[in-house]
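Protein chains in written order, with the working numbering: chain R, 4 to 339; chain Z, 65 to 418.
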Amino acid sequence: MQIEATSDAVAAPSRFQSAQQAVLAWRPAPESVILLVLLAALVLGSALTTKDFFSAENARSIIRVASLTGIVAVGLTFVILSGNLISLSVEQTAAMCGIVFATFLHDGWAVVPALAATFGIAAALGVIQGGVIALGANPVIVTLGAGAAIGGLTGLITGGLGVTTGPTSLGWLGHSKLLGTTMPVYVFILVTILATVFLNRRRAGRELMLVGSNRHTAKASGIRVWRTSVIALTLASVGCAIVAILNVTQFERAENAQFEGLTFDALAAILVGGAAISGGRGSPLRSAIGAIFIATLGNLMVLHNYSFGVRMTIQGVIVVIAVTIFHLLQRRWEKR
Amino acid sequence: MKALGSLVRPGGSASQIGGRLILLAIVWIVFTILNSSFASEDILFSVLQATAFLGLVAIGEGVAMIAGEIDLSVASLAAVAGILAVELSGLGLIPAIILAALIAALFGLFQGACVAALKINSLVFTIGSLFALRGVAYLLTNSSAVQLPANQLDGAEELIQRFWIFSPYSLITIGVAIVVGLGLALSRWGREIYAIGGARAESVAAGVPQRRPIIIAFVLSGFTAGLAGALSSIVAGSGSAKAFPDLLLLSITAVLVGGVGLYGGRGTILNIIVGCLIIESLVAGLIHQGQTGEIQELATGALLILVIIVEFASGMGGGRREGETIPMPRWLRFSSGLSGLRGSPGDSSSGKDG
Numbered sequence: 004m005q006i007e008a009t010s011d012a013v014a015a016p017s018r019f020q021s022a023q024q025a026v027l028a029w030r031p032a033p034e035s036v037i038l039l040v041l042l043a044a045l046v047l048g049s050a051l052t053t054k055d056f057f058s059a060e061n062a063r064s065i066i067r068v069a070s071l072t073g074i075v076a077v078g079l080t081f082v083i084l085s086g087n088l089i090s091l092s093v094e095q096t097a098a099m100c101g102i103v104f105a106t107f108l109h110d111g112w113a114v115v116p117a118l119a120a121t122f123g124i125a126a127a128l129g130v131i132q133g134g135v136i137a138l139g140a141n142p143v144i145v146t147l148g149a150g151a152a153i154g155g156l157t158g159l160i161t162g163g164l165g166v167t168t169g170p171t172s173l174g175w176l177g178h179s180k181l182l183g184t185t186m187p188v189y190v191f192i193l194v195t196i197l198a199t200v201f202l203n204r205r206r207a208g209r210e211l212m213l214v215g216s217n218r219h220t221a222k223a224s225g226i227r228v229w230r231t232s233v234i235a236l237t238l239a240s241v242g243c244a245i246v247a248i249l250n251v252t253q254f255e256r257a258e259n260a261q262f263e264g265l266t267f268d269a270l271a272a273i274l275v276g277g278a279a280i281s282g283g284r285g286s287p288l289r290s291a292i293g294a295i296f297i298a299t300l301g302n303l304m305v306l307h308n309y310s311f312g313v314r315m316t317i318q319g320v321i322v323v324i325a326v327t328i329f330h331l332l333q334r335r336w337e338k339r
Numbered sequence: 065m066k067a068l069g070s071l072v073r074p075g076g077s078a079s080q081i082g083g084r085l086i087l088l089a090i091v092w093i094v095f096t097i098l099n100s101s102f103a104s105e106d107i108l109f110s111v112l113q114a115t116a117f118l119g120l121v122a123i124g125e126g127v128a129m130i131a132g133e134i135d136l137s138v139a140s141l142a143a144v145a146g147i148l149a150v151e152l153s154g155l156g157l158i159p160a161i162i163l164a165a166l167i168a169a170l171f172g173l174f175q176g177a178c179v180a181a182l183k184i185n186s187l188v189f190t191i192g193s194l195f196a197l198r199g200v201a202y203l204l205t206n207s208s209a210v211q212l213p214a215n216q217l218d219g220a221e222e223l224i225q226r227f228w229i230f231s232p233y234s235l236i237t238i239g240v241a242i243v244v245g246l247g248l249a250l251s252r253w254g255r256e257i258y259a260i261g262g263a264r265a266e267s268v269a270a271g272v273p274q275r276r277p278i279i280i281a282f283v284l285s286g287f288t289a290g291l292a293g294a295l296s297s298i299v300a301g302s303g304s305a306k307a308f309p310d311l312l313l314l315s316i317t318a319v320l321v322g323g324v325g326l327y328g329g330r331g332t333i334l335n336i337i338v339g340c341l342i343i344e345s346l347v348a349g350l351i352h353q354g355q356t357g358e359i360q361e362l363a364t365g366a367l368l369i370l371v372i373i374v375e376f377a378s379g380m381g382g383g384r385r386e387g388e389t390i391p392m393p394r395w396l397r398f399s400s401g402l403s404g405l406r407g408s409p410g411d412s413s414s415g416k417d418g
């Protein structure tokens, strides 16, 4: 039972002789099945009841809405999976990355150094927080304090005002379309794929999953537990940086309070994706689908002309229902 | 005297409050040195006014966190209660405030009952309420602000009328703090809250009811959040769906600065109030120095980090050595799917008896 429970983490990809065998033996996590059933039910129900829902154009618009929250959710998934609970510094990290990136461009930097510096700053923020957590501090407290500090620093950079970049050579990222949809959607898909590959195929990713599943076993297996905290927090920060940069390219402007509510939006997506907040269960793909689920729900309610208040209330209730379903089912599996 | 001692002591040491009072004194001394006009009754009054609001919310959130739970819905609930209080103001201000706070407490009851019955972790459960209640706030206001009728404004003014350094508002908070603090320290129900927060496995073995303390904690956090939201909205003369955006994280920060920790089972209301006083004094000092909101945010973050470092260094921060299981807050131990693999439930108590 115990080994079964950690199978997300330890199932070795090399177990199978051929791809065919691997496909036949593939059993999705129960949460994935539930999530897909929920999403399918939502899409089917919407398609049957709502004119204009079932169209390629609408599907594109749903994914467009989901993409920014989704990218952050995918990055934040590593924090949850590694057993580091949640990061509460997401909004502030994204805001700071947006501000510094816009400031660099505003100051006439070329795009490549500006990108490199922004990602460097994001990674540094992640490494510092991850490092403090690795020393033994609680992730929630560290990121809560760090969030306030980062938010304050960001305000100092700009004096509380926004930064305008003017047109940049990255404008295509924010404005042009490929196959009818915007670039952030492709970035979202790419980030999800990369995160999945990292988690499943890279040693560091598998170690991260194992640490989240069972810290004692991981430690006993000689895994450097501290390193996974640093990696997880860094990846979450980088996710924030990507979203911030996409935002700057689209609006040619960055503001301090631009990402208000992002932390809990992303967390809701992750939890709707069925991740266990204590770590080891969940995947970037599921978090991405969680974001799409919430966006689909929002889209459906917009098509029905529900007011913002109704939409938010229903979204909250659905999140409660989804996490309760996952919780009850997970408890049942645990008892088996 | 013994009773007084137990106000300070359960789960914490007397040095906990001592250290916080010293920190509070340092803040006041530093800002007074920087500008001698800081140490005045006016500033003290405004610090107490700010503490009245933050402290009220932190009392409820603090009780939830002492029980090893967390309530993410406090800010949204405060916004809803504020709107309700303004809309019910036709009944008279005091009945409106009480009614709004009771409705919030009722929601806390519902939420606590769900968390206790489902044994779901409260972070996961209350994140949904965080959204849903914000939505309700928008619904109640049709996405705009509701105003207190002009003839009620005088009555609202009385709530912040100044008596030396106090006002009815801050006296309400002090009253709630005394009642909740004494209840927590002296009553059986209070002991149960410490017990389930501090040592859940042992509390089960000792026959402590597992649901009642959780429900009481959530009722309290709902009530105080609602009361704070109602009072502040009435005083401000309007309620808005967007109200109190920073309140959730600030109240958690205040509770942590107050030494409760994330693992439950320790901390006192007195410490939490002193924690709020430290934060609000710091903010008032920075405002007095003409500093901006960004500096205040930065300083609040730095303060939290400082307190955590001090507690960590003194072995009270629930620290762990590398590779050890993170001591799991109770709201995480439930529903983990893998909780059985993370060591015995009791091991979480090892990290935090200072």
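By construction, the Cβ of each residue, glycine as well, lies at the ideal position given by its N, Cα and C atoms.
Since the structure is predicted, the reported quantities are computational estimates derived from the model, not experimental observations.
* Asked: Taking the alpha-carbon positions, what's the residue 206 of chain R to residue 249 of chain R distance?
  -> Here residue 206 of chain R corresponds to residue number 203 of the first sequence, with the count starting at 1. Here residue 249 of chain R corresponds to residue number 246 of the first sequence, with the count starting at 1. For residue 206 of chain R and residue 249 of chain R, the distance between alpha carbons rounds to 29 Å.
* Interface residues of chain R around residue 194 of chain Z at Cβ under 8 Å? -> For the purposes of this step, residue 194 of chain Z is taken as the residue at position 130 of the second sequence. Simply 267 and 319.
* **Through-space distance from residue 272 of chain R to residue 232 of chain R, alpha-carbon basis** => Numbered from 1 along the first sequence, position 229 holds the residue referred to as residue 232 of chain R. Numbered from 1 along the first sequence, position 269 holds the residue referred to as residue 272 of chain R. Computed Cα separation, rounded: 21 Å.
* To do: Using the Cα positions of residue 83 of chain Z and residue 33 of chain R, report the straight-line distance between them to the nearest angstrom.
  => In the second sequence, the residue the question calls residue 83 of chain Z occupies position 19. In the first sequence, the residue the question calls residue 33 of chain R occupies position 30. Going by the C-alpha atoms only, they are around 50 Å apart.
* To the nearest angstrom, report how far apart residue 356 of chain Z and residue 100 of chain Z are at their CA atoms. => Translated into positions along the second sequence, residue 356 of chain Z becomes position 292. Translated into positions along the second sequence, residue 100 of chain Z becomes position 36. Residue 356 of chain Z and residue 100 of chain Z: Cα-Cα distance of roughly 20 Å.
* **Under the three-state DSSP convention, the category residue 166 of chain R falls into** => Taking the first residue of the first sequence as position 1, residue 166 of chain R is located at position 163. Three-state DSSP puts residue 166 of chain R in a strand.
* How would you list, in chain order, the residues of chain R whose beta-carbon sits under 7 Å from the beta-carbon of residue 171 of chain Z? -> Here residue 171 of chain Z is taken as the residue at index 107 of the second sequence, counted from 1. Correct list: empty, because the minimum Cβ distance to chain R is about 12 Å.
* Asked: Is there contact here, the segment 311-319 of chain Z with the segment 121-131 of chain Z, by at least three beta-carbon pairs under 8 Å?
  -> yes
* To do: Report back the beta-carbon spacing between residue 257 of chain Z and residue 173 of chain Z to the nearest angstrom; my notes put them in contact at under 8 Å.
  => Working through the second sequence from its first residue, we reach residue 257 of chain Z at position 193. Working through the second sequence from its first residue, we reach residue 173 of chain Z at position 109. Contact flag wrong, Cβ pair sits at about 15 Å.
* Would you list, in sequence order, the uninterrupted alpha helix (DSSP H) runs of no fewer than 4 residues that lie entirely inside the segment 280-319 of chain Z? => none
* To the nearest angstrom, how far is it from the Cα of residue 380 of chain Z to the Cα of residue 366 of chain Z? -> Within the second sequence, numbered from 1, the residue matching residue 380 of chain Z stands at position 316. Within the second sequence, numbered from 1, the residue matching residue 366 of chain Z stands at position 302. With a pLDDT of only 48 at residue 380 of chain Z, under the threshold of 50, the placement of this residue in the model should not be trusted, and no figure is reported.
* To do: Might you give, ordered along the chain, the residues of its own chain that have their beta carbon closer than 8 Å to the beta carbon of residue 228 of chain R, omitting 5 neighbours on each side?
  => One-based indexing of the first sequence puts residue 228 of chain R at position 225. Same-chain partners within the cutoff: 137, 214, 218, 221 and 222.
* Work out the CA separation of residue 322 of chain Z and residue 147 of chain R for me, nearest whole Å. => In the first sequence, residue 147 of chain R corresponds to position 144, counting from 1. In the second sequence, residue 322 of chain Z corresponds to position 258, counting from 1. Spanning the two alpha carbons is a distance of roughly 15 Å.
* Whose C-beta lies closer than 8 Å to the C-beta of residue 123 of chain R among residues of the same chain, with five residues either side of it excluded? -> By one-based count along the first sequence, residue 123 of chain R stands at place 120. So no residue of the chain qualifies.
* **Where residue 466 of chain Z meets chain R, residues with beta-carbon distance less than 8 Å** => Residue 466 of chain Z is absent from the structure shown; chain Z starts at 65 and stops at 418.
* **Sequence-distant residues of the same chain with beta carbon closer than 7 Å to residue 176 of chain R, five excluded per side** => Along the first sequence, read from residue 1 onward, the residue named residue 176 of chain R stands at position 173. The residues are 186, 249 and 252.
* To do: Under 7 Å Cβ to Cβ from residue 269 of chain Z, same chain only, skipping five residues before and after it: list those, please.
  => Reading the second sequence from its first residue, position 205 is the one you call residue 269 of chain Z. Answer for residue 269 of chain Z: no residue qualifies.
* From this set, Z/149, Z/85 and Z/194, which residue's C-alpha is nearest residue 318 of chain R's C-alpha? -> Counting from one through the first sequence, the residue named residue 318 of chain R turns up at place 315. The shortest Cα separation from residue 318 of chain R among Z/149, Z/85 and Z/194 belongs to Z/194.
* Examine the Cβ distances between the segment 291-308 of chain Z and the segment 141-156 of chain Z and report whether three or more of them are shorter than 8 Å. => yes
* Asked: Tell me, which residues are paired with residue 211 of chain Z by DSSP?
  -> Locating residue 211 of chain Z in the second sequence gives position 147, counting from the first residue. For residue 211 of chain Z, which the question treats as bridged, DSSP gives the partners Z/302.
* Starting from the C-beta of residue 349 of chain Z, find all residues in its chain whose C-beta is less than 7 Å away, skip the five residues before and the five after it, and write them out in chain order. => For the purposes of this step, residue 349 of chain Z is identified with residue 285 of the second sequence, where counting begins at 1. 91, 95 and 102, listed in sequence order.
* Mind checking residue 55 of chain R: buried by the 16 CB within 10 Å criterion, or exposed? -> Counting from one through the first sequence, the residue named residue 55 of chain R turns up at place 52. Residue 55 of chain R is exposed by the Cβ-count criterion.
* Asked: By the criterion of Cβ-Cβ separation under 8 Å, what are the contact partners of residue 376 of chain Z in chain B?
  -> The chain labelled as chain B is not found among the protein chains of the depicted structure, namely R and Z.
* Exposed unless 16 or more other CB atoms sit within 10 angstroms - verdict on residue 86 of chain Z -> Taking the second sequence and counting its residues from 1, the one referred to as residue 86 of chain Z is at position 22. Result: exposed.
* Could you tell me whether any Cβ in chain R is nearer than 8 Å to the Cβ of residue 266 of chain Z? => For the purposes of this step, residue 266 of chain Z is taken as the residue at position 202 of the second sequence. No, residue 266 of chain Z lies away from the interface with chain R (no Cβ there is under 8 Å from its Cβ).
* **Expected contact under 8 Å - CB spacing of residue 108 of chain R and residue 242 of chain R to nearest Å** => Reading the first sequence from its first residue, position 105 is the one you call residue 108 of chain R. Reading the first sequence from its first residue, position 239 is the one you call residue 242 of chain R. Going by Cβ atoms, the distance from residue 108 of chain R to residue 242 of chain R rounds to 21 Å, so no, they are not a contact pair.
* **First and last residue of the uninterrupted alpha helix (DSSP H) at residue 228 of chain Z** => As a working mapping, residue 228 of chain Z is identified with position 164 in the second sequence. Note, residue 228 of chain Z: premise wrong, no alpha helix (DSSP H); not H, not E.
* Whose CA, out of Z/283, Z/373, Z/358 and Z/374, lies closest to the CA of residue 150 of chain R? -> In the first sequence, residue 150 of chain R corresponds to position 147, counting from 1. Per the Cα distances, Z/358.
* Where residue 48 of chain R and residue 285 of chain R are concerned, what is the direct C-alpha to C-alpha distance, given to the nearest angstrom? -> By 1-based counting over the first sequence, the position of residue 48 of chain R is 45. By 1-based counting over the first sequence, the position of residue 285 of chain R is 282. Each residue's alpha carbon lies about 26 Å from the other.
* Smallest Cα separation from residue 191 of chain Z: which of R/325, R/332 and R/201? -> On the second sequence, residue 191 of chain Z is found 127 positions in, with the first residue counted as 1. Looking at the Cα atoms, R/325 is the closest of the given residues.
* Asked: Which residues bound the alpha helix (DSSP H) around residue 138 of chain Z?
  -> For the purposes of this step, residue 138 of chain Z is taken as residue 74 along the second sequence, with counting starting at 1. That run of the alpha helix (DSSP H) goes 138-151.
* **Counterpart residues of residue 256 of chain R in DSSP-defined beta bridges** => Numbered from 1 along the first sequence, position 253 holds the residue referred to as residue 256 of chain R. Answer by DSSP bridge pairing, in chain order: R/167.
* chain Z beta carbons: is any one of them nearer than 8 Å to that of residue 311 of chain R? -> If you number the first sequence from 1, residue 311 of chain R lands on position 308. Yes, residue 311 of chain R lies at the interface with chain Z (some Cβ there is under 8 Å from its Cβ).
* residue 157 of chain R: first and last residue of the uninterrupted alpha helix (DSSP H) it sits in -> Numbered from 1 along the first sequence, position 154 holds the residue referred to as residue 157 of chain R. Per DSSP, residue 157 of chain R belongs to the alpha helix (DSSP H) from 142-161.
* Asked: Per DSSP, residue 180 of chain R is paired with what?
  -> Along the first sequence, read from residue 1 onward, the residue named residue 180 of chain R stands at position 177. Residue 180 of chain R pairs with R/185.
* To do: Report yes if the C-beta distance between residue 262 of chain R and residue 94 of chain R is below 8 Å; otherwise report no.
  => Translated into the one-based positions of the first sequence, residue 262 of chain R becomes position 259. Translated into the one-based positions of the first sequence, residue 94 of chain R becomes position 91. The answer is yes: Cβ separation under 8 Å.
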